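Notes to accompany the following structure.
Protein chains in written order, with the numbering used here: chain R, 1 to 204; chain D, 205 to 408.
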């Protein structure tokens, strides 16, 4: 098997990232792939496209469709879903934590915990008080984790990761990179892992 | 089985409508559904969203991704693909024909012929000389068909159909309507027909 990881690029406010984030670790394990969690911010990328809000808010027909589509997807996949009363929620602190601790053993469970708070239990994920119990599930001291995530080093790391996303041609979330190949959307997760497996079976 | 048709809403310039249009008749037949071909124009819908061009041209990262994604999809599905040298192509005349003759026996084959011209053999589908041989394959006189498609009645019909698309909350192509349920994208075709089958198996 080749060492190339499967990179999962996500933003905590992103709706379609929710079912993808809930599924990606299992799908990567099935494919025998090493998964790399790559949080980034959509805000700066959207601003470059002239949007100061989610396109789902700017274009109401698209937004209405997305909420119904997401509800159907989650129902079909058995993923709990409650339309958040605030959208998009500010995922900056959660993204800084995920970026700083991307290699921690608990990263996958943390990411799923934050998405569940946003899209299943309708909680304000920008509030440290919401994130703290999620972090402490893993035996970490929440205050220490949050302090490190708010260091200037951690802030710079997330900024760089967002710049890297743009550099890689990423324009939305979730996105999966397999080598130079980009896949966008929850509905391309399986395609991305099939692409990985084809590469792993027939290395260049 | 209930009489509710599966409506396939498409625009001849739309890239993801291409693989969907090539597949939808077979998938509908497998599901036992009556298929209704609903051509419409994306131009007026995009203009309402403030776009004077395809969003794939306005947002280059999204456009680059789409062409690569479409190439992968067509390769996987065994659908011939050649990136058109002009995009988007003007599908107005073809859409008027498809709208006026939506109930003709040859409608499905005509639609596939036009998409193939645009996305596989890179031809200018706004040119009647390109459309004529496609029409004449079905034993129709092309000049008669085109004349009828350019009547004020046919023009009004396509305008009304585009207004109906907006009314139904359609904002992109391809879209499939099954009753009041909307599905957007080539990657939702199978979901739309599964939705139809669930309704047909358990009528309300």
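The beta-carbon is built from N, C-alpha and C at its ideal position, and this holds for glycine as well. Quantities reported herein were computed from a predicted structural model and do not represent experimental measurements.
Residues of its chain near residue i, where Cβ-Cβ distance is below 7 angstroms and the 5 sequence neighbours each way are ignored
i	result
residue 233(R)	Outside the displayed range of chain R (1 to 204) lies residue 233(R), so it cannot be described from this structure.
residue 226(D)	283, 316, 319
residue 159(R)	none
residue 25(R)	35, 108
Contacts of residue i in chain D (Cβ-Cβ under 8 angstroms)
i	result
residue 184(R)	269, 273
residue 49(R)	263
Contacts of residue i in chain R (Cβ-Cβ under 9 angstroms)
i	result
residue 312(D)	Those within 9 angstroms of residue 312(D) in chain R number zero; the least Cβ separation is about 25 angstroms.
Heavy atom of the ligand GDP within 7 angstroms of residue i beta-carbon
i	result
residue 91(R)	In terms of ligand content, the structure shown is empty, and the ligand GDP therefore cannot be addressed.
Cβ-based neighbour list, residue i, same chain, cut-off 6 angstroms, excluding 5 preceding and 5 following
i	result
residue 20(R)	174, 186, 189
residue 170(R)	9
residue 196(R)	6, 31, 33, 178
residue 54(R)	88
Contact set between residue i and chain R, taken where Cβ atoms lie within less than 8 angstroms
i	result
residue 375(D)	59, 61, 62, 65
Separation of residue j from residue i, as counted between CA atoms
i	j	result
residue 201(R)	residue 261(D)	36 angstroms
residue 271(D)	residue 141(R)	46 angstroms
residue 385(D)	residue 172(R)	25 angstroms
residue 267(D)	residue 301(D)	29 angstroms
residue 218(D)	residue 31(R)	33 angstroms
residue 137(R)	residue 35(R)	22 angstroms
residue 370(D)	residue 255(D)	15 angstroms
residue 145(R)	residue 215(D)	51 angstroms
residue 156(R)	residue 109(R)	24 angstroms
residue 39(R)	residue 164(R)	11 angstroms
residue 334(D)	residue 77(R)	45 angstroms
residue 43(R)	residue 29(R)	31 angstroms
residue 124(R)	residue 304(D)	52 angstroms
residue 72(R)	residue 291(D)	33 angstroms
residue 41(R)	residue 297(D)	43 angstroms
residue 353(D)	residue 396(D)	30 angstroms
residue 82(R)	residue 355(D)	50 angstroms
residue 252(D)	residue 220(D)	21 angstroms
residue 351(D)	residue 332(D)	11 angstroms
residue 321(D)	residue 91(R)	46 angstroms
residue 388(D)	residue 308(D)	25 angstroms
residue 330(D)	residue 324(D)	15 angstroms
Partners in chain D for residue i, counting only beta-carbon separations shorter than 7 angstroms
i	result
residue 187(R)	391
Cut-off 8 angstroms between Cβ atoms - residues of its own chain near residue i, not counting five sequence neighbours on either side
i	result
residue 241(D)	212, 214, 302, 306, 311, 312, 315
Problem - Every unbroken beta strand (DSSP E) inside the region 12-45 of chain R [3 residues or more] - result: 35-39
Problem - Length-filtered (4 minimum) alpha helix (DSSP H) runs lying within the region 269-318 of chain D - result: 296-304
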